[in-house]
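Trainee:
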Amino acid sequence: MTNVLDYLYASTARLPDKAALADPDTCLTYRQLTDYARAAGTVLAGHCSPRQPVAVFMEKCCAAVATFYGAVHAGCFYTFLDPSLPAARLSHVLQVLQPAALVTDAKHLAGAQALNAGCPVLLAEEVFAAAADETVLAARRAAACDTDPLYCNFTSGSTGVPKGVAVCHRSVIDFIEQFVPVFGLEENDVFANQAPLDFDVSVKDLYSALKTGARVELLPRSYFSFPTKLMDHLAARQVTVLVWAVSALCIVSTMKGLEYNRPEHIRRVLFSGEIMPCKHLAYWRGFYPDALFVNLYGPTEITCNCTYHVVTGAEEGTLPMGHAFANERVFLLDGDDHEVTAATPDVPGEVCVAGTALALGYYNDPERTAAAFTQNPLNLLWPERIYRTGDLARYGKDGLLYFAGRKDFQIKHMGHRIELGEIEAAAAAQPGVERTCCIYLHESQTLLLVYSGSAEKRPLLTALRGVLPQFMLPTAFLKLEQLPVTKNGKLDRAAMTAAYEAAKEAEKAEKAARRAAKAAANGGN
Amino acid sequence: MDELLQILREIKPDVDFESCTTLIDDAIFDSFDIISTINELNDAFDIEIPATEIIPQNFNSAAALWAMVERLQED
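Heads up: the sequence lines are chains A and B, in that order.
Here the first sequence stands for residues 1 to 525, where the numbers follow my numbering.
Here the second sequence stands for residues 526 to 600, where the numbers follow my numbering.
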């Protein structure tokens, strides 16, 4: 097993006419998926050398995934570009990636051409209609290694330039070979894919299904705004497995989706991205007492997840991150690069990971790769790469790992990983903005931008909409004459948080007073 | 209605809620905004918005939201 196409071919040989992939409008059997991928691979091989990037610019749909596997057939790797991202962000990504080809669909052709990606723009519809050339495909396959990149997903970068995390076949195969049996996933499962295709949460859906011969139902993002549509769809498609962001599960519970319609076949609920709030977990477990609930942890740089915890219901307070998957080494280092072990519970350390799971690095970015992927300081005897996650964790008295915050200013907001520095840099680049500081208030999920300068918040927000993805837009603004600093000259985040809370309190009091006055005026009615 | 407009302006300061009737159709509101709106309205007007009311027609404009709030307050 050295290439993810081994999964595709094994499942296609076994289950050629079984549905492999569906979106609300289309469905592909394993045979059709393979045929599309082979045709696309043949065409792409004419435009790309092996190991070059192929950009896929369309909404989440069956064609996008078939194009991924087409890129792999050409010995290339894929990057999904979400057409809803602002042009400035897409252009940053393209500058780093420099794709050899870009595949789009008729709906997004004009948008794709406007990107000026500097490479041929191909139409998926035409690519799939081409004849597959067995000689070409066999040659590409023979030249492939399992350490070749499979995909490159872009994530927020603190300097304002997103980082492309390149992951190889071997890392994905290593992970999926654990993930599928540990959680008992199988051929009859139907994966309800919530995650966008440029997030590695979707890697779990796609390759677990490919390995087992299961079906993936691709869910459009818009369904998560309307619970009746979402729940009816999940029920109608008889989904059995949810590998979802915590925030997506919370959307369903907040909107009381399961009271409306409880999809009866769900038997596995695996979540990641943020700490699962107890209340929301209890809601879900109440509706699915017999399902397996699993807390997954891991940044995209270590291929999906490195630790897991199967919920027992006996946990007190926060859920543990749990323990490592087999064939991954997860350990804690303190500020002096000494290991923190389970022998000293409750001492925090940085989560570090070693093993096949590690990404190849940040694509086209040796500097940031060297900073995050370093030699294991505990091993001076041979080159051993580790990834420093920047996450802090501690061992509990039960020997399990517990999340304990961040070392830096990276946050998780609605399932998205965000470097606050990227928002600060984007805001500081706008006219009329002098200094900026972005703060995340976890309790209220408020992304607060504090700034000084002459800019007003409305036009500032409108300007930011043109450069930042929707999920990175500040949800609250606080304009100050000057940003407060500590005596060491660092931005005083605590003081700014307090100033915001005070302003909010004052507003609340004013609102209550107005309501009281109104009630008094209506008195007696 | 004033209180509703104020809540909406806090969620999305740069939208003209008095004239906009395509909050959902033009994807001005995403799922996070809808969740924020639901939480704020439940709190402010002492209602519980059920799943069946969370449909595009009810969230496309401030007027539609207000009609929903009034309907739920009567129940």
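Each residue gets a CB set at the ideal place from its N, CA and C atoms; glycine is no exception.
Here the structure is a predicted model, which means the values were calculated and not measured.
By Cβ distance, which residues of its chain are closer than 6 Å to A:ALA88, with the 5 residues on each side in sequence left out?
Mentor: These residues qualify, in order along the chain: VAL467.
Trainee: Would the region 161-176 of chain A count as touching the region 345-361 of chain A if we require 3 or more Cβ pairs under 8 Å?
Mentor: The answer is yes - the region 345-361 of chain A touches the region 161-176 of chain A, with three or more Cβ pairs under 8 Å.
Trainee: DSSP state of A:PHE199, grouped into three classes?
Mentor: Three-state DSSP puts A:PHE199 in coil, outside helix and strand.
Trainee: Between which residues of its own chain and A:ILE250 is the CB-CB distance below 8 Å, once the five residues before and five after are set aside?
Mentor: A small correction: the amino acid at residue 250 of chain A is Cys; Ile does not occupy that position in the sequence shown. So the qualifying residues of the chain are PRO277 and HIS280.
Trainee: Distance cutoff 9 Å, beta carbons only. Does B:ASN564 sit that close to anything in chain A?
Mentor: So yes, B:ASN564 belongs to the interface.
Trainee: Name the DSSP bridge partner or partners of A:CYS168?
Mentor: DSSP, once it has assigned bridges, lists A:PRO149 as partnering A:CYS168.
Trainee: So, under 8 Å CB-CB, A:LEU102 and A:VAL93 are touching, yes? Tell me the CB distance rounded to an integer number of Å.
Mentor: The pair is not a contact, with the Cβ atoms about 11 Å apart (cut-off 8 Å).
Trainee: How would you list, in chain order, the residues of chain B whose beta-carbon sits under 7 Å from the beta-carbon of A:GLU556?
Mentor: The requested residue 556 of chain A does not occur in the structure, where chain A is confined to residues 1 to 525.
Trainee: What residue from A:MET414, A:GLY396 and A:ALA214 has the CA that sits closest to A:GLU274's CA?
Mentor: With distances taken between Cα atoms, A:GLU274 lies closest to A:MET414.
Trainee: Please specify which runs of the beta strand (DSSP E), each continuous and at least 3 residues long, are wholly inside the region 105-133 of chain A, giving them in chain order.
Mentor: 121-123, all fully within the region 105-133 of chain A.
Trainee: In terms of residue numbering, what span does the beta strand (DSSP E) encompassing A:VAL311 cover?
Mentor: No beta strand (DSSP E) contains A:VAL311, which DSSP labels as neither H nor E.
Trainee: For the candidate residues A:PHE191, A:PRO220 and A:VAL65, whose alpha-carbon lies nearest to that of A:ILE266?
Mentor: Among A:PHE191, A:PRO220 and A:VAL65, the Cα nearest to that of A:ILE266 belongs to A:PHE191.
Trainee: Helix, strand or coil: which one does DSSP assign to A:LYS412?
Mentor: A:LYS412 falls in the strand class under three-state DSSP.
Trainee: Any chance the region 229-241 of chain A sits against the region 254-273 of chain A, with 3 or more Cβ pairs inside 8 Å?
Mentor: The region 229-241 of chain A, when compared against the region 254-273 of chain A, does touch it at the 8 Å Cβ threshold.
Trainee: Is A:ASP198 close to chain B? Criterion is C-beta to C-beta, closer than 9 Å.
Mentor: Chain B contact via Cβ: absent.
Trainee: Tell me which same chain residues have a C-beta within less than 6 Å of the C-beta of A:PRO348, skipping the five on either side of it?
Mentor: Taken in chain order, the residues that qualify are LEU392, ARG394 and ALA404.
Trainee: Step through the CB atoms of chain B and report whether any lies within less than 9 Å of the CB of A:ALA235.
Mentor: Taking Cβ atoms only, chain B never reaches closer than 9 Å to A:ALA235, which makes this a no.
Trainee: Kindly indicate the opening and closing residues of the beta strand (DSSP E) around A:TYR78.
Mentor: Unbroken beta strand (DSSP E) run through A:TYR78: 77-81.
Trainee: With a threshold of 6 Å on Cβ separation, who are the neighbours of A:VAL311 within its own chain once the five nearest residues in sequence on each side are excluded?
Mentor: Excluding residues within five positions, the ones whose Cβ falls inside 6 Å are PHE293.
Trainee: Tell me, please, whether the region 216-236 of chain A touches the region 22-30 of chain A by the rule of three or more beta-carbon pairs shorter than 8 Å.
Mentor: With a cut-off of 8 Å, the region 22-30 of chain A and the region 216-236 of chain A count as touching, because enough Cβ pairs lie within range.
Trainee: From B:ALA569 to A:TYR9, what does the alpha carbon distance come to, in whole angstroms?
Mentor: Those two C-alpha atoms are separated by around 56 Å.
Trainee: Going straight from the alpha carbon of A:ARG388 to that of A:PHE373, what length do you get?
Mentor: Approximately 6 Å between the Cα atoms of the pair.
Trainee: Nearest-angstrom Cα distance between A:PHE287 and A:ALA131?
Mentor: The alpha-carbon atoms of A:PHE287 and A:ALA131 are separated by roughly 49 Å.
Trainee: Would a check of beta-carbon distances place A:ALA520 closer than 9 Å to chain B?
Mentor: With 9 Å as the cut-off, A:ALA520 does not count as an interface residue toward chain B.
Trainee: For A:PHE57 versus A:ALA142, is the C-beta spacing smaller than 9 Å?
Mentor: Against a cut-off of 9 Å, the Cβ pair of A:ALA142 and A:PHE57 comes out as no contact.
Trainee: So with CB distances below 7 Å, who are the chain A contacts of B:PHE570?
Mentor: None at all; the shortest Cβ gap to chain A is about 11 Å.
Trainee: Return the residue from the list A:ALA195, A:MET1, A:GLU505 and A:ALA40 that minimises the CA-CA distance to A:GLU59.
Mentor: It is A:ALA195 whose Cα lies nearest to the Cα of A:GLU59.
Trainee: Determine the chain B residues that contact A:ARG458 at a beta-carbon separation under 8 Å, and present them in chain order.
Mentor: Near A:ARG458 (Cβ distances below 8 Å), the residues of chain B are PRO538 and ASP539.
Trainee: Straight-line CA distance for A:LEU122 to A:TYR78?
Mentor: Near 14 Å, if we compare the C-alpha coordinates of A:TYR78 and A:LEU122.
Trainee: How far does the alpha helix (DSSP H) with A:PRO458 in it extend, from its first residue to its last?
Mentor: One point to set straight first is that residue 458 of chain A is Arg, not Pro, in the sequence displayed. Its alpha helix (DSSP H) spans residues 457-465.
Trainee: Going by DSSP, what residue range makes up the alpha helix (DSSP H) through A:CYS352?
Mentor: Unbroken run through A:CYS352 is the beta strand (DSSP E), 349-355; no alpha helix (DSSP H).
Trainee: With respect to the beta strand (DSSP E) encompassing A:ASN193, which residues constitute its N-terminal and C-terminal limits?
Mentor: Element bounds for A:ASN193: 190-193.
Trainee: Say yes only if the C-beta of A:ARG140 is nearer than 8 Å to one or more non-hydrogen atoms of the ligand GDP, and no if none qualify.
Mentor: This structure lacks the ligand GDP; in fact it carries no ligand of any kind.
Trainee: Going by CA-CA distance only, name the one from A:CYS438, A:PRO16, A:ALA106 and A:VAL182 that's closest to A:THR307.
Mentor: For A:THR307, the nearest C-alpha among the options comes from A:VAL182.
Trainee: Decide if A:LYS204 is buried, meaning its Cβ has at least 16 other Cβ atoms within 10 Å, or exposed.
Mentor: Buried, since its Cβ has 16 or more Cβ neighbours within 10 Å.
Trainee: Compare the beta carbon distance of A:PHE471 and B:ASP555 with 9 Å and say whether it is the shorter of the two.
Mentor: In contact: A:PHE471 and B:ASP555 (Cβ atoms closer than 9 Å).
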